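*Asks:*
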Amino acid sequence: MPRPEPQFITFSIDGREVQAPANEMLVDAAKRGDVEIPVFCYEPKLGAPVGACRMCLVDIEGIPKLQTGCSTPVKDGMVVHTQTKRVKDAQESVLEFLLINHPLDCPVCDKGGECPLQDVSFGWGGGKTRFIEPKRHFKKPLELSPLVAIDRERCILCYRCVRFSQELSEDYQLVLHERGAATFVGTFDGHPYVAPFSGNIIELCPVGALTSRPYRFRARPWDIENSGSVCTLCPAQCNVAFTVRDDRVLRVMARDNDEVDDGWLCDKGRFAYQSVHAEQRIVAPMVRDGGVLREVPWARAIEEATLALKKSGGRVAGLAGGATTNEEGFLLQRLVRDVHGSPHVDSSAGLPRAGLLAMGDPALQATVADLEFAHTVLVLGTEPVDDMPIVDLRLRKGVRRNRMTLAVATSRPSSLDPNAVLSVRYAPGAEAAFVAALSAAFYGGDVDTPARAAGTDAGAVAELAALLRTSGGDEAGDVVVLYGERVLAGGEAVTQPLLKLAGALGLSGRAGAGLLGIPAATNGRGLREAGVVPDAGPGLAELATAGADAAGIAASLTAGDTTVLYLMHTDPLRDQPQRATWDRALDKATHVIAHAGFMTEGIREHATVVFPAESYAEKEGTIVHPDGRLQRLRPAIGRPAGVRAAWQVLDELMRAAGVDTGLHTVHSATRQLFESVPFYAGLTVDTLGGKGLRWWEDEARAAAWPEPAKPGLLATVASSTPTYEAAATPNGALRLGTFKSIWASPEVEASPALKFLHPTQRVELSPVDAERLGIRHGEHVTVGGDGASVAAVAHLRNESPAGSAFLQSGIPEGAANVLEGPLVEIRKAQST
Amino acid sequence: MSSAILFKDIDQPGLNTLAVYRERGGYGDVLRKGLSMPREALVTELVNSGLRGRGGAGFSMGKKASFMPKGTMDKYLVCNADESEPGTFKDRELMTKSPHMLIEGMILGAYAAGATRAFIYIRGEYAQMADILDDAVAEAYDAGLLGNNILGTDHSLELAVHRGAGAYICGEETALLDSLEGKRGNPRLKPPFPANQGLYQGPTLINNVETLATIPHVLGMGADEYAKIGVENSTGTKLISVSGHVKRPGNYEIELGMSARDIIYGLCGGIEGDLEVKLWFPGGSSSPVLTKDDLDLAYDFDTLAKAGSMLGSGAIIVVDEETSVVDVCLKLAKFYKHESCGKCTPCREGTQWTVKMLERIKSGQATPMDLDIMASVQEQITGHCLCVLGDAMAMPVGSMIAKFRPEFEAYIEEARQRSDAELIASLDAPNEAPLVGSLV
């Protein structure tokens, strides 16, 4: 459904003429005339109003009964009164009713001071009670989950939390038990409410009934300050407000930005702030001395790094992880390229420059909000709830409220399958063949061969093509392809048919349609735009000599052609495939300089110099959202004593090599970056503002996007024949697919509240294969191939395609990258 | 009785079977005539008959049917057989003895509404009636009266009987729809009204058993003839359920406009023990009470509304002079407190507050000031709720306090003295049971 165009009408409220969009709910329209109508159950984010709390009763001329302002759409010429005696009596009545069973324990309630019930009672209540009966009692407080505490006596039964669970996150866990005055909120089966988005109910609760367990009794609203920034724990880059007391982050709340997060947060974003103050955080520089990392003064660490870089004679490589800001990435490539003359810089973008330019073409970009209003969204090779969680909610909203048609094409079963009109499975690693088949279905080519190679059904591919082609009724409507950038690992074999598909769907230059790629790590897009890719400089400018990508760097280290590796917020043993290869490469490196917040395996074993990294709450700089929105990180708290900003360290290392960097603050780095990226021209941190800015929405900036070397790639791809590798035939073994859970991150490991969610290895397989192998659900198994093996627990999923097995990556022990694939065997674990 | 329409053959043995129902003229010319009329003509006929909904709200049945949008979307007819208003048991007799009359009415009602799917939502406690309906529906299917192309016409209708799970609120039409969809039975916000967005978001016509069962008779005698029965704005006959302290309680079919005195003293033979009437509910327990001074009122929609009450579901509950109004009030409030769904604030909190106050009156811990609070709580509920359940308690309770205040006050005084005496007695006998009840 395309976005509706608002039409303004005039209505009268308390004698004031006010303009508002037709059919806007009265509660919202009233605000345009500076009139506040109190509400409890009304929350536009939750969808259609329910009119349950009755707090918003207003008098509308021509309607005999008082009406709920939350559910009455405003009409032209409507005359509304909110200050009459009748309305005031009604408001006082409802408040009196709400408070008769409320414990009024505000002095010991976490919500006290920031409580809508307090505010509304103060503003609209009668200020007295006539209720002398015993109040309603429940056992309290109870753990609704390890993260959320529930106090049912405080609950006013607005059932926002239940609606969130039922209609937003669709985990269907929270329900209302009993009825009438005995009603209470709980999970259907009495189990803890554990779900990826459960923490949102804390913020939704208009009273102190649902409180954060990690935040319970930590501060009162008058002790704290809120500081706006952006969460950098995943590519979703939700806008957050850090609650700070005495220079410590105590809480994270959503800082609603509809274009980015729609006002929601995932539980990782909400609770992983605890890692900022975790004991295991690295807060002092370290140098390997006698085989052991020892804390040293800053000067010593800088000196060590400087010497290492100098001695390498330019045989340096830089690798940046997702948490790296644009500025850090920009300075890293300056250090490696300009100062030490090595071309090897990468941030695992996975594509050569031409591919990045073609896929990043401003005309092809879709936004997060487009997902909600498109006619059809194709989710390709990604599990949003793990890869970019908040988008999962957006897709569900699109399907539920805007009748968006959802299609899913993945190798691993998706949690969005129940919402999808069509779900197609292909073999892990067969993205190229699958996309080729889909593209062929559009252009009338041979579908069967690539479909068979992709281990999928040609009929299903044809059905998907038909669905995309007719999404707007008779014609192709607005289609958004939401793809995980992991699928691009196949290079041109994937991008070419994908671009061809985009051409067939008319995505280029079409508002509300396009491609939206989910990078493997938070700032993937910003890093490539800042030039942290092997064959392009800042602004994706062409380079004279192309460097090696991550895999190439590993090879080069192993071969001894590169001796110093500079790691920026990444541990290759965690973040890169082929763990054994990297283990050897890191072993071979003479120096590994790392900016790191946590002592992950690769850092502990191989780093020679460790610079403590700032946490995301301390950082200043910019990052780029997957849809091209430049966002600003602002420090909420000061750094721990031993921590310095990464840009400062890079600056010092460059100065030590005799280069005048011209840097004074992080803003000067931002300015340098913006000046050297043509399509950021004219931007400053101030123009980004609090909510960021999509650079490609400005025509001049979009026009500054570099032309690919072969002009008009879209035109040329149509004639070229796609090539693809066929997926491996299981032949008794199983194809290895990988996935990274939302909970697989060092921040989750380091957060006491979230620790219980940190995943251990499990292998997902279909019951068909399990039966053949004689493996039962929950059994301990060994997954192996090529001499390596990992221990896992068998997890049988009915939806899992036969012939494939899925292992987790990104976990400390026994991660999927221990195995090289593409085939693995599963055996029962030897009992010891 | 000469006026009997619905109950004309009601005691005919075997009327619940298709054969006997057909013998008595069922599923005959009337059905054929109805299905051969254009849909609009049938609706006009219903509008002209003046037939008003028999479930409680008394809205014109024809008009409601005319609100159904045209178009090819899935439309539904739902028969509200969740007869749960205390004092009401007329639909029960109708469904037990003449289920086919309801089915025939639903075939015609569905045709008028343009619906091809229909449900009978019957309260769970009516297990026997549900079985009877199931059998009747099966018979009707076998005879080609339900299913595709009924009697060779273009009209098709699928009819299913659905048993409720025992909640009063599921008789409220939107809560009924939620319950029918398999959700928790909570009322929905209106608008949208069911005629626009009802069952499964489709246009839905919801009518009471008696209303639907009347349709064949309206068609049979013609709208103009039917409109001649009864009085202006209250045409036709009405099934009434009389209960309470009368000599002959039960279901009666009356011509609307008959006087209440004729019903209570005529049809029902007066009050047990020849006592006086203290109060009576004219239309189920949700209707504000009337007193013995109101017995000469004509029993029709408008007259009762003018007297500050309502005809409701046609359930007359008579309370004699020896019964305490406080007991009646508490019994009633407890029912509504128990049945409140809890979705909206005034009903959820107001009903339980009222019960707590009435219990305090009974235990002798109240003062006359509590009556003011109780009366004001009823006012605070009325008109502020999501559905009518809150009003259904507030209006009768409010009317009892207004009309019987001296009795309430006397009761409070008496209960207080009794409780004081008990307290003193317990203090005089220290070795007796521990001091509970009056102080706690």
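Which chain is which? The protein sequence lines are A and B, in order. The numbering used here puts the first residue of the first sequence at 243, with every later residue one more than the last. The numbering used here puts the first residue of the second sequence at 981, with every later residue one more than the last. We put the CB at the ideal spot given by N, CA and C, even for glycine. Nothing here was measured: the structure is a model prediction, and the numbers come from that model.
What number of angstroms, rounded off, separates the C-alpha of H1061 (chain B) from the C-alpha of I1392 (chain B)?
*Replies:* Counting from one through the second sequence, the residue named residue 1061 (chain B) turns up at place 81. Counting from one through the second sequence, the residue named residue 1392 (chain B) turns up at place 412. Here residue 1061 (chain B) turns out to be Ala, not His, going by the sequence shown. Taking the straight line from one Cα to the other gives about 40 Å.
*Asks:* In whole angstroms, what separates the C-alpha of V959 (chain A) from that of L741 (chain A)?
*Replies:* For the purposes of this step, residue 959 (chain A) is taken as the residue at position 717 of the first sequence. For the purposes of this step, residue 741 (chain A) is taken as the residue at position 499 of the first sequence. With a pLDDT of 44 at V959 (chain A), under the threshold of 50, the modelled position of that residue is not reliable, and no figure is offered here.
*Asks:* Return the chain-ordered list of same chain residues with a C-beta closer than 8 Å to the C-beta of T1024 (chain A), the five sequence neighbours on each side being excluded.
*Replies:* Translated into positions along the first sequence, residue 1024 (chain A) becomes position 782. The residues are S1031, V1032, A1033, A1034, I1068, R1069, K1070, A1071 and Q1072.
*Asks:* By DSSP, does I760 (chain A) sit in helix, in strand, or in coil?
*Replies:* Numbered from 1 along the first sequence, position 518 holds the residue referred to as residue 760 (chain A). The answer is strand: DSSP assigns I760 (chain A) an E or B state.
*Asks:* Run down chain A in chain order and give the residues with a C-beta less than 8 Å from the C-beta of T1331 (chain B).
*Replies:* Looking up residue 1331 (chain B) in the second sequence gives position 351. Going along chain A in sequence order, the residues near T1331 (chain B) (Cβ under 8 Å) are G422 and A423.
*Asks:* Would L1126 (chain B) and L1137 (chain B) be called neighbours here (beta carbons separated by less than 9 Å)?
*Replies:* As a first step, residue 1126 (chain B) is located in the second sequence; it is residue number 146 there, counting from the start. As a first step, residue 1137 (chain B) is located in the second sequence; it is residue number 157 there, counting from the start. It is a contact, given that the beta carbons lie within the stated cut-off.
*Asks:* Under a Cβ-count criterion, where at least 16 other Cβ atoms within 10 Å of its own Cβ denotes burial, should K1050 (chain B) be classed as buried or exposed?
*Replies:* Along the second sequence, one-based indexing puts residue 1050 (chain B) at 70. Exposed, because fewer than 16 other Cβ atoms sit within 10 Å of the Cβ of K1050 (chain B).
*Asks:* Can G1085 (chain A) and S1320 (chain B) be called in contact, C-beta distance under 9 Å?
*Replies:* This structure gives no information on residue 1085 (chain A), because the portion of chain A shown stretches from 243 to 1074.
*Asks:* Roughly how far, in whole angstroms, is the beta-carbon of G1038 (chain B) from the beta-carbon of V1023 (chain B), given that I think they are within contact range, below 8 Å?
*Replies:* Mapped onto the second sequence, residue 1038 (chain B) falls at position 58. Mapped onto the second sequence, residue 1023 (chain B) falls at position 43. Wrong, their Cβ atoms sit about 18 Å apart, outside the cutoff.
*Asks:* Which value, in whole angstroms, describes the spacing of the CA atoms of I1215 (chain B) and T1133 (chain B)?
*Replies:* Taking the second sequence and counting its residues from 1, the one referred to as residue 1215 (chain B) is at position 235. Taking the second sequence and counting its residues from 1, the one referred to as residue 1133 (chain B) is at position 153. The sequence shown places Thr at residue 1215 (chain B), rather than the Ile named in the question. Looking at the two C-alpha atoms, the distance is approximately 31 Å.
*Asks:* Please report the residue range of the alpha helix (DSSP H) in which E1393 (chain B) lies.
*Replies:* The residue given as residue 1393 (chain B) occupies position 413 in the second sequence. Where E1393 (chain B) is concerned, the enclosing alpha helix (DSSP H) stretches over R1385 to D1408.
*Asks:* Could you list which residues in chain D have their beta carbon closer than 9 Å to that of K307 (chain A), in chain order?
*Replies:* In the structure shown, chain D does not exist; the protein chains are A and B.
*Asks:* What residues in the segment 358 to 383 of chain A bring their beta carbon closer than 7 Å to a beta carbon of chain B?
*Replies:* From the segment 358 to 383 of chain A, only R372, F373 and E375 have a Cβ closer than 7 Å to chain B.
*Asks:* Just to confirm the assignment, what range does the alpha helix (DSSP H) spanning N568 (chain A) have?
*Replies:* Position 326 of the first sequence, counting from 1, holds the residue named residue 568 (chain A). Start and end: N568 to Q575.
*Asks:* Confirm the yes/no value for this check: CB of Y1101 (chain B), any heavy atom of the ligand FAD, distance under 8 Å.
*Replies:* This structure does not include the ligand FAD; it has no bound ligands of any sort.
*Asks:* Please report the straight-line C-alpha distance between F406 (chain A) and T567 (chain A), rounded to a whole angstrom.
*Replies:* Residue numbering aside, residue 406 (chain A) sits at position 164 when the first sequence is read from its first letter. Residue numbering aside, residue 567 (chain A) sits at position 325 when the first sequence is read from its first letter. Straight-line Cα distance between these residues: approximately 33 Å.
*Asks:* Of all Cβ atoms in chain B, is any one closer than 9 Å to the Cβ of M646 (chain A)?
*Replies:* The count along the first sequence starts at 1 and reaches residue 646 (chain A) at position 404. Taking Cβ atoms only, chain B never reaches closer than 9 Å to M646 (chain A), which makes this a no.
*Asks:* Is the beta carbon of A1145 (chain B) sitting closer than 9 Å to the one on S1159 (chain B)?
*Replies:* Here residue 1145 (chain B) refers to the residue found at position 165 when the second sequence is read from its first residue. Here residue 1159 (chain B) refers to the residue found at position 179 when the second sequence is read from its first residue. Yes, the Cβ-Cβ distance between A1145 (chain B) and S1159 (chain B) is below 9 Å.
*Asks:* For the alpha helix (DSSP H) containing H1000 (chain A), name the first residue and the last one.
*Replies:* As a working mapping, residue 1000 (chain A) is identified with position 758 in the first sequence. Counting along the chain, H1000 (chain A) falls outside any alpha helix (DSSP H), and DSSP gives it neither H nor E.
*Asks:* Would you please verify whether the beta carbon of K1323 (chain B) is less than 9 Å from any beta carbon of chain A?
*Replies:* Translated into the one-based positions of the second sequence, residue 1323 (chain B) becomes position 343. With 9 Å as the cut-off, K1323 (chain B) counts as an interface residue toward chain A.
*Asks:* Below 6 Å CB to CB, which residues in the same chain sit around R1004 (chain B) once its five sequence neighbours on both sides are set aside?
*Replies:* The count along the second sequence starts at 1 and reaches residue 1004 (chain B) at position 24. Closer than 6 Å at the Cβ level, and outside the excluded window around R1004 (chain B), lie D989.
*Asks:* Three or more C-beta pairs closer than 8 Å, one from the segment 1322 to 1331 of chain B and one from the segment 1289 to 1298 of chain B: is that the case here?
*Replies:* Cβ pair count under 8 Å is below three, so no.
*Asks:* Measuring straight from C-alpha to C-alpha, what distance separates I1186 (chain B) and K510 (chain A)?
*Replies:* Position 206 of the second sequence, counted from the first residue, corresponds to residue 1186 (chain B). Position 268 of the first sequence, counted from the first residue, corresponds to residue 510 (chain A). Taking the straight line from one Cα to the other gives about 48 Å.
*Asks:* By the criterion of Cβ-Cβ separation under 8 Å, what are the contact partners of R296 (chain A) in chain B?
*Replies:* Against the first sequence, residue 296 (chain A) aligns to sequence position 54. In chain order: C1324, T1325, P1326, H1364, C1365 and L1366.
*Asks:* Can you tell me the Cα-Cα spacing of W824 (chain A) and A1057 (chain A), whole angstroms?
*Replies:* Position 582 of the first sequence holds residue 824 (chain A). Position 815 of the first sequence holds residue 1057 (chain A). Near 14 Å, if we compare the C-alpha coordinates of A1057 (chain A) and W824 (chain A).
*Asks:* When you compare only the Cα positions, how much space is there between G979 (chain A) and F1048 (chain A)?
*Replies:* Here residue 979 (chain A) refers to the residue found at position 737 of the first sequence. Here residue 1048 (chain A) refers to the residue found at position 806 of the first sequence. C-alpha separation (whole angstroms): 5 Å.
*Asks:* Taking the beta strand (DSSP E) that F684 (chain A) belongs to, which residues open and close that run?
*Replies:* Sequence index remark: in the first sequence, residue 684 (chain A) carries index 442 (1-based). Unbroken run through F684 (chain A) is the alpha helix (DSSP H), E673 to Y685; no beta strand (DSSP E).
*Asks:* Helix, strand or coil for S1266 (chain B), going by three-state DSSP, please let me know.
*Replies:* On the second sequence, position 286 is the one that residue 1266 (chain B) refers to. Correct three-state label for S1266 (chain B): coil.
*Asks:* Using DSSP with H/G/I as helix, E/B as strand and the rest coil, what is A461 (chain A)?
*Replies:* The count along the first sequence starts at 1 and reaches residue 461 (chain A) at position 219. It is coil, neither helix nor strand.
*Asks:* Distance, Cα to Cα, G1249 (chain B) vs P1229 (chain B)?
*Replies:* Counting from one through the second sequence, the residue named residue 1249 (chain B) turns up at place 269. Counting from one through the second sequence, the residue named residue 1229 (chain B) turns up at place 249. So the alpha carbons of these two residues sit roughly 9 Å apart.
*Asks:* Beta-carbon within less than 7 Å of Y1091 (chain B)'s beta-carbon, same chain only, minus the 5 sequence neighbours each way: which residues are those?
*Replies:* On the second sequence, position 111 is the one that residue 1091 (chain B) refers to. Cβ within range, chain order: G1014, L1015, R1019, L1022 and H1135.
*Asks:* Less than 9 Å between the beta carbons of A543 (chain A) and H833 (chain A), yes or no?
*Replies:* Taking the first residue of the first sequence as position 1, residue 543 (chain A) is located at position 301. Taking the first residue of the first sequence as position 1, residue 833 (chain A) is located at position 591. Not in contact: A543 (chain A) and H833 (chain A) (Cβ atoms no closer than 9 Å).
*Asks:* Identify the residues that DSSP records as bridge partners of I1149 (chain B): which are they?
*Replies:* For the purposes of this step, residue 1149 (chain B) is taken as residue 169 along the second sequence, with counting starting at 1. None; I1149 (chain B) has no bridge partner.
*Asks:* Under 8 Å by Cβ, that's how I've got A651 (chain A) and F615 (chain A) pegged, so tell me the actual separation to the nearest angstrom.
*Replies:* For the purposes of this step, residue 651 (chain A) is taken as residue 409 along the first sequence, with counting starting at 1. For the purposes of this step, residue 615 (chain A) is taken as residue 373 along the first sequence, with counting starting at 1. Going by Cβ atoms, the distance from A651 (chain A) to F615 (chain A) rounds to 21 Å, so no, they are not a contact pair.
*Asks:* Answer with yes or no whether the minimum CB distance from F339 (chain A) to chain B is below 9 Å.
*Replies:* Indexing the first sequence from 1 puts residue 339 (chain A) at position 97. Closer than 9 Å: yes.
*Asks:* What residues are listed by DSSP as bridge partners for M1081 (chain B)?
*Replies:* Against the second sequence, residue 1081 (chain B) aligns to sequence position 101. Note: M1081 (chain B) sits in no beta bridge, so no partner.
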